[in-house]
Structure formats: C-alpha cells, structure tokens
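In the numbering used here, the protein residues as written are 4 to 110.
See below:
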C-alpha cells in the first residue's frame, strides 16, 4: 500500500467500510479489504516477501473465496456494490458521505 506521508510503499491493506449513522452512533454494515499492485505490480513487496506470502487454494463455495477476490477489485466499484447491497436489504439513507476520491456518476 502506498503511504502518502513517506512517499513509499508499506506492507498493509486498505479497509473500505460502509457505515450507517443516526447522528449519535455509527454502525458498520459492510466492508472490503484492498491491496495495491503499485507501478511495479509487486504490491510493494520484495521477491523474498512475495515468496513467503501465505498461499492456499480456496474453495469457490466458501465466503473467503469472494473476500480474496475483492482484494484486487476497484474500491470505487466495491463502494457502488456495497451501496446496492445495502439498499437491496432494505437499508435506506438520505445521503452518502464519502471521500472526494469516490466522486462519480455511478454512485
């Protein structure tokens, strides 16, 4: 993941969270984890670190299979899917508050 403070890659993940607030409390209702390939497409890892990563063949029927696939999906697309999923489950809201990076017509 790129650290904008140090202008370098650090080992980590980004967590995208959809939360509902009633003005007093904040309730997380969905999330996804993301990683960045970076310009070199090596996720900011050395060759040794990439070789030492945990690797497991996942069963496509298990929920962890979908979560693993989400890691490389666009955060913008995941935000759109999370909003659609929430609405589909009857969660209503008046407005969406998001970082300016998420400004697009599809949201």
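All C-beta atoms in this analysis are idealised placements derived from N, C-alpha and C, irrespective of residue type, glycine included.
Tell me the rounded alpha-carbon separation between residue 40 and residue 96. Start at 1 with the first residue of the chain shown, and residue 40 comes out as number 37. Start at 1 with the first residue of the chain shown, and residue 96 comes out as number 93. Spanning the two alpha carbons is a distance of roughly 34 Å.
Output needed for residue 53: all residues of its chain with C-beta closer than 8 Å, excluding positions within five of it in sequence on either side, in chain order. Sequence index remark: in the chain shown, residue 53 carries index 50 (1-based). Answer for residue 53: 45 and 46, listed in chain order.
Which residues DSSP lists as bridging residue 14, in chain order: Within the chain shown, numbered from 1, the residue matching residue 14 stands at position 11. According to DSSP, which records beta bridges pairwise, residue 14 is partnered with nothing at all.
Just to confirm the assignment, what range does the beta strand (DSSP E) spanning residue 36 have? Here residue 36 is taken as the residue at index 33 of the chain shown, counted from 1. According to the DSSP assignment, residue 36 belongs to the beta strand (DSSP E) that extends over 29-37.
Residue 96 - DSSP class collapsed to helix/strand/coil: As a first step, residue 96 is located in the chain shown; it is residue number 93 there, counting from the start. Coil, per DSSP.
Per DSSP, cross-strand counterpart(s) of residue 20: Your numbering for residue 20 matches position 17 in the chain shown. As computed with DSSP, residue 20 is found in a beta bridge with 34.
Looking only at C-alpha atoms, which of 21, 70 and 93 sits nearest to residue 100? Working through the chain shown from its first residue, we reach residue 100 at position 97. Nearest of 21, 70 and 93 to residue 100, Cα basis: 21.
Report yes if the C-beta distance between residue 70 and residue 36 is below 8 Å; otherwise report no. Start at 1 with the first residue of the chain shown, and residue 70 comes out as number 67. Start at 1 with the first residue of the chain shown, and residue 36 comes out as number 33. Contact check for residue 70 against residue 36 passes: the beta carbons are separated by less than 8 Å.
Less than 8 Å between the beta carbons of residue 86 and residue 107, yes or no? Reading the chain shown from its first residue, position 83 is the one you call residue 86. Reading the chain shown from its first residue, position 104 is the one you call residue 107. The answer is no: Cβ separation not under 8 Å.
Going by C-alpha to C-alpha distance, which of 8, 18 and 10 sits closest to residue 75? Indexing the chain shown from 1 puts residue 75 at position 72. Ranked by Cα distance from residue 75, the first of 8, 18 and 10 is 18.
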